[in-house]
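In this note's numbering, the protein residues as written are 158 to 536.
Written out as structure tokens, the structure reads:
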């Protein structure tokens, strides 16, 4: 996605220069058109320079808080917590690389081939991991809701840590080409990261493969599973009205529907925020632009890029607004931090925190033999 942005900005500038040489200087509308174009380009640049650092700062803080909550002792054993923690790490990794590339656009800092290659590599693997971690927790929820009878057997055999590690290794293997096909080149007197012309054919193939594994396949999988989850929840709600349930079963099912709604919202938001950028990217791959790119297309592409960037910073707010147990755990964590700053000797504060923590720990279900088991119903 970063390469696409660079090419568009360059081509947009070229288009302005082309029009300047082809139009008559006696045309009264020439200077007005040029001033309008420059004003739009300035507005886009200003918007980007405000949005990107703000998005990065908010996203880093939110993802760090989400990571702290999902790795806490009373959340570690809950459904999808491993995938959500890994998602927060991947999103932060992308935000860091985004900030570096944004900073490089203001003042060149990626002056060597090594730094350029590392940033491009990190951008590739973090975007890959982000989308596939969303697929992972959506798949887990799909199995728990649509195949509830087989869910304990299927999910019990899958280790979230193992899946997370396998995806990291796979990402590094798939995108290692960025470490030897990217270099720094001069464009209009400033260094930019660009693919070496020697590997043009290879990069064309890689672009299509990357589009398939980070865009088309995950998008279709998430869309299919979300539709199936919505249908299963609808059928469940219809049957529940005609079935007399015990209090324990009702509480368990209500909790399961709550976590389903939260994760469904997260994955659906992911689809909505990614769709505009995906459409533009597919259009670029299918229809090659040999000549100057119209200014309106550059503006649309830039807007969809900013929407795409927000994907990596919005999840914390979804958890905080719709995740009941996430809010409770976050409150406990923040209260704990505040109490640590208080003078020691306050036995009431310490005992009160222990009592609150133990109450939260009771949310984790236990097997009949007393061993800890994974709870697929709470977030």
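For every residue, glycine included, the Cβ atom is placed at its ideal position computed from N, Cα and C. A quick note: this is a predicted structure, and the numbers were derived from the prediction, not measured.
Following the DSSP letters along the chain, one finds residue 349 inside the beta strand (DSSP E) bounded by residues 347-352. Boundaries of the beta strand (DSSP E) around residue 340: 339-344. With contacts defined by Cβ atoms closer than 7 Å, residue 317 and residue 240 form a contacting pair.
If you draw a 10 Å sphere on the C-beta of residue 483, you find 16 or more other C-beta atoms in it, and that means buried. Spanning the alpha carbons of residue 303 and residue 325 requires a straight line of approximately 28 Å. Taking a C-beta distance under 7 Å as the contact criterion, residue 249 and residue 212 do not qualify as a contact pair. In the DSSP assignment, residue 271 falls within the unbroken alpha helix (DSSP H) covering 270-303. In this structure, the straight-line span from the alpha carbon of residue 197 to that of residue 365 is close to 32 Å.
The C-alpha of residue 336 is placed about 38 Å away from the C-alpha of residue 300. Taking a C-beta distance under 7 Å as the contact criterion, residue 469 and residue 251 qualify as a contact pair.
Within the same chain, and ignoring the five residues on either side of residue 417 in sequence, the residues whose Cβ sits closer than 7 Å to its Cβ are 298, 302, 386, 390. Restricting attention to 311, 453, 256, the CA atom closest to the CA of residue 217 is found in 256. As for any alpha helix (DSSP H) of minimum length 4 sitting wholly inside the region 437-472, the runs are 452-467, ordered along the chain. Inclusion of residue 328 and residue 282 in the CB contact set at 7 Å is warranted, their separation being smaller than that value. Secondary structure of residue 480 (DSSP, three-state): coil.
If you compare the alpha carbons of 345, 322, 292 with that of residue 378, the shortest gap goes to 292. The beta carbon of residue 356 lies closer than 6 Å to those of 338 in the same chain, with the five residues before and after it left out. Close CB contacts of residue 246 within its chain, under the 6 Å cut and outside five residues either way in sequence, are absent. DSSP places residue 210 within a helical segment (H, G or I) once states are collapsed to three. Counting along the chain, residue 361 sits inside the alpha helix (DSSP H) bounded by residues 357-368. Per DSSP, reduced to three states, the secondary structure at residue 417 is helical. Per DSSP, reduced to three states, the secondary structure at residue 316 is coil, with no helix or strand assignment. For residue 371, the three-state secondary structure derived from DSSP is helix.
The count of Cβ pairs closer than 8 Å, one atom from the region 454-470 and one from the region 429-437, reaches three, so the stretches are in contact.
Assignment of residue 334 by DSSP, reduced to helix, strand and coil, places it in the coil class.
Counting other Cβ atoms within 10 Å of its Cβ, residue 332 reaches 16 or more and is therefore classed as buried. With a 10 Å radius around the Cβ and a threshold of 16 neighbouring Cβ atoms, residue 200 comes out exposed. Taking the Cβ atoms as the reference, residue 461 lies roughly 4 Å from residue 434, within the contact range of under 8 Å. When secondary structure is reduced to three states using DSSP, residue 385 falls in the helix class.
DSSP places residue 309 in the helix class (H, G or I) of the three-state scheme. If you draw a 10 Å sphere on the C-beta of residue 287, you find 16 or more other C-beta atoms in it, and that means buried. In chain order, 257, 260, 272 place their CB closer than 8 Å to the CB of residue 266, counting only its own chain and leaving out the 5 sequence neighbours on each side. Here the alpha carbon of residue 268 sits roughly 9 Å from the alpha carbon of residue 347.
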